[in-house]
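Colleague: Below is the structure I would like to discuss, written out as structure tokens.
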Amino acid sequence: MTIEVSGGGSVAVTTEAMLDAQRELAGLAAQAGDVCARLAELGLTPWGDGLDVVVFAERARFELGRAESEAQRLGTELAFAADAYGAAERVALAKQQLLAGVLGPGLILGQLAAIAAADAARPGGADFADPALVAALRALADSLDLPVLLAAAQRLPGGELEETPVTVEQVVGTGISDSAAGPRGFSDLAKRIPPAAEGEPQLRVERYDLPDGERHWIIYSAGTADWGATPGDDPWDLTSDVVGVAGGSAGSTRAAMLALQAAGWKPGEPVVPVGHSQGGIVATAIATSGLTATPLLVTFGSPTAGVRVPSGVTDVAVEHTDDVVPALGGSPRPLVDPRLLVREAAPGTAQGASPHAMSGYRQTAAEMDASSDDRLVDARSELTAFTGDQKATVTMWRGERVDG
Amino acid sequence: MTISSSDEAQLRHSTVRTALQSAEASCWGLYLLLPDEQPWHGLASGAFRLRVAALRERVDAASAALNAAEAAL
Chain A
1 MTIEVSGGGS VAVTTEAMLD AQRELAGLAA QAGDVCARLA ELGLTPWGDG LDVVVFAERA
61 RFELGRAESE AQRLGTELAF AADAYGAAER VALAKQQLLA GVLGPGLILG QLAAIAAADA
121 ARPGGADFAD PALVAALRAL ADSLDLPVLL AAAQRLPGGE LEETPVTVEQ VVGTGISDSA
181 AGPRGFSDLA KRIPPAAEGE PQLRVERYDL PDGERHWIIY SAGTADWGAT PGDDPWDLTS
241 DVVGVAGGSA GSTRAAMLAL QAAGWKPGEP VVPVGHSQGG IVATAIATSG LTATPLLVTF
301 GSPTAGVRVP SGVTDVAVEH TDDVVPALGG SPRPLVDPRL LVREAAPGTA QGASPHAMSG
361 YRQTAAEMDA SSDDRLVDAR SELTAFTGDQ KATVTMWRGE RVDG
Chain B
1 MTISSSDEAQ LRHSTVRTAL QSAEASCWGL YLLLPDEQPW HGLASGAFRL RVAALRERVD
61 AASAALNAAE AAL
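Encoded structure:
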């Protein structure tokens with residue numbers, strides 16, 4: 001698998017394969033130049049070493065010299081090609097958004113139906129992991145006015161998608177240690193996100209007491225546990241999904257803010273929010289709340305591409321190209337995507353795992369930690385600086401809906 | 001100890017041979033540094049493949065010339 005990193009305030013798109021090729025070409029140019037220099041130092045002469053030896057050695061020097069300059073040029077052009085690749089991708093995205101805007105959701109729905117039919121016709125049936133389906137869903141999300149749709153849905157009888165007040169309670173005896181070393185990278189962050197499971201805590205809060213007296217916080221949010229349209233006890237439900245994507249005050253987000261406050265966080269204290277799926281909606285809402293100082297935001301498979309995050313936040317978004325959930329958040333602004341977007345095809349799908357599963361995102365996070373991409377290296381440094389290499393005080397929290 | 005001109009010629013001959021052999025061995029390292037020609041960036045991959053193939057030909061030619069130089073010693 002090869003991860004692809006884009007954005008982060010830059011228009012460049014680079015992949016690990018491109019970086020590897022650039023490194024190899026630089027090494028090749030240096031080594032060819034070194035051999036050239038060694039041949040020149042020999043000081044071969046026709047009268048001392050023989051004419052043929054001089055001619056052949058000069059030929060070798062010429063070829064190696066050309067190899068050196070061509071390898072240098074190819075490495076430089078590779079960087080330009082990477083930029084052009086990113087620009088072309090954004091232009092294609094802009095065209096799709098334009099199409100959605102001009103022709104409306106009807107066309108996109110037709111496109112979706114055609115893709116779904118093609119999926120269903122495949123041996124083994126539909127897998128809903130088609131990149132074309134993901135692209136069409138993203139275009140559909142772009143073409144819909146979600147707040148208007150949500151308002152319409154909430155007027156329907158039956159209480160579907162209606163928000164409720166929430167409450168939180170600390171959960172003890174989960175088997176999770178109340179003290180932990182700070183996360184060293186994306187893999188540690190991904191591993192600490194609580195699993196989405198009925199009755200289990202949805203939030204993990206870590207407090208770091210820095211030597212200068214400052215307190216820093218990391219909050220990890222689980223994904224959706226309840227897919228019913230009518231809200232039950234768990235705020236990590238479909239209602240919070242839809243309300244959150246529509247930019248409303250989702251129950252899960254309110255529960256996360258309550259958990260932070262109950263853990264001792266004071267408004268203004270720095271928080272790094274991390275989440276998977278709906279947890280990403282929660283994390284993004286915290287980062288954009290204006291209540292926290294957030295240097296870093298990390299989301300996995302989250303439908304939040306359309307949310308504008310404050311410019312001082314390093315916004316690391318991890319999306320599997322065959323995961324439909326991030327597509328439901330629509331597209332970022334095409335020409336200036338401020339996110340540090342990491343994409344790859346979901347690992348593990350050949351073994352039957354869903355492209356949206358956290359297990360696949362954990363593997364991608366491990367690849368991100370192994371990456372030498374400067375932006376990912378910087379983000380990891382930002383994370384370790386944030387925790388100050390201190391031990392965390394860990395608490396687990398569960399939110400519940402209460403009747404309004 | 002006295003070094004005769006024939007000894008000097010032999011020493012020079014040996015130095016040049018060793019240097020040419022070492023240069024040729026370095027060419028094998030260059031092959032290892034040629035990037036994979038896999039199609040990892042779409043339409044540009046065809047052009048990239050050709051450029052890498054041209055680099056490989058340069059290394060081939062250098063290696064052959066070094067062989068020929070050593071044979072001509």
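Chains as they are written, first to last, in my numbering: chain A, 1 to 404; chain B, 1 to 73.
From the three backbone atoms N, C-alpha and C, an ideal C-beta is built for every residue, glycine too.
1. Measuring only between beta-carbons, confirm whether Arg398/A sits less than 8 Å from chain B.
2. Within a Cβ cutoff of 7 Å, which residues of the same chain sit near Pro347/A, ignoring the five residues on either side of it in sequence?
3. Name the residues in the region 50-65 of chain A whose C-beta lies less than 7 Å from a C-beta of chain B; which are they?
4. Chain A partners of Ala53/B, CB-CB under 8 Å?
5. Taking Cβ-Cβ distances shorter than 9 Å, what residues in chain A pair up with Arg12/B?
6. Expressed to the nearest angstrom, what Euclidean distance is found between the alpha-carbon atoms of Trp59/A and Asp373/A?
7. From the beta carbon of Ser26/B, is the nearest beta carbon of chain A less than 8 Å away?
8. Ends of the alpha helix (DSSP H) at Asp49/A?
9. Note down the Cα distance separating Val443/A from Thr167/A, rounded to an integer number of angstroms.
10. Say whether the region 387-401 of chain A touches the region 207-214 of chain A, bearing in mind that this needs 3 or more beta-carbon pairs closer than 8 Å, one atom from each stretch.
11. Go ahead and pull the three-state DSSP assignment for Trp227/A.
12. What's the gap between the Cα of Phe48/B and the Cα of Val55/A?
13. Is the beta carbon of Gly223/A less than 8 Å from the beta carbon of Ala196/A?
14. For Thr18/B, does the count of other Cβ atoms within 10 angstroms reach 16, so buried, or fall short, so exposed?
15. Measure how close the beta-carbons of Arg401/A and Pro231/A come, nearest whole angstrom, since I'm counting them as under 8 Å.
16. Could you tell me the boundaries of the alpha helix (DSSP H) in which Ala364/A lies?
17. Counting only beta-carbon separations shorter than 8 Å, does Arg410/A have a partner in chain B?
18. So, at 7 Å on beta carbons, what are the nonlocal neighbours of Pro267/A in its own chain, with the 5 sequence-adjacent residues on each side left out?
19. Can you tell which of Ser63/B, Ala69/B, Leu20/B has its C-alpha closest to the C-alpha of Leu30/B?
Modeller: Walking through what the data contain:
1. By this cut-off, Arg398/A is not an interface position.
2. Around Pro347/A, the same chain offers Met1, Gly360, Gln363, Thr364 as residues with beta carbons nearer than 7 Å, after the five sequence neighbours per side are excluded.
3. Residues passing the 7 Å Cβ filter: Gly50, Asp52, Val53, Phe56, Ala57, Arg59, Ala60, Glu63, Leu64.
4. Result: empty, since nearest Cβ-Cβ is about 11 Å, beyond 8 Å.
5. Around Arg12/B, the beta-carbon contacts reaching into chain A at under 9 Å are Gly48, Asp49.
6. A quick correction: the sequence has Arg, not Trp, at residue 59/A. Across the structure, Arg59/A and Asp373/A are spaced so that their CA atoms are roughly 38 Å apart.
7. Closer than 8 Å: yes.
8. 46-49 is the extent of the alpha helix (DSSP H) around Asp49/A.
9. Nothing can be reported for residue 443/A, as the shown portion of chain A is limited to 1 through 404.
10. The region 387-401 of chain A makes contact with the region 207-214 of chain A, as at least three CB pairs between them are under 8 Å.
11. Note: Trp227/A maps to coil in three-state DSSP.
12. CA-to-CA, the gap between Phe48/B and Val55/A works out to about 32 Å.
13. Cβ distance < 8 Å, so Gly223/A and Ala196/A count as in contact.
14. Exposed, since its Cβ has fewer than 16 Cβ neighbours within 10 Å.
15. Between Pro231/A and Arg401/A the Cβ distance is about 6 Å, and since that is below 8 Å, they are a contact.
16. Reading the sequence as shown, one finds Thr at residue 364/A and not Ala. First-last of the alpha helix (DSSP H) with Thr364/A: 358-370.
17. Here chain A has residues from 1 to 404 only, and residue 410/A is not among them.
18. Within the same chain, Pro267/A has close Cβ partners Leu291.
19. Closest option to Leu30/B, Cα to Cα, is Ser63/B.
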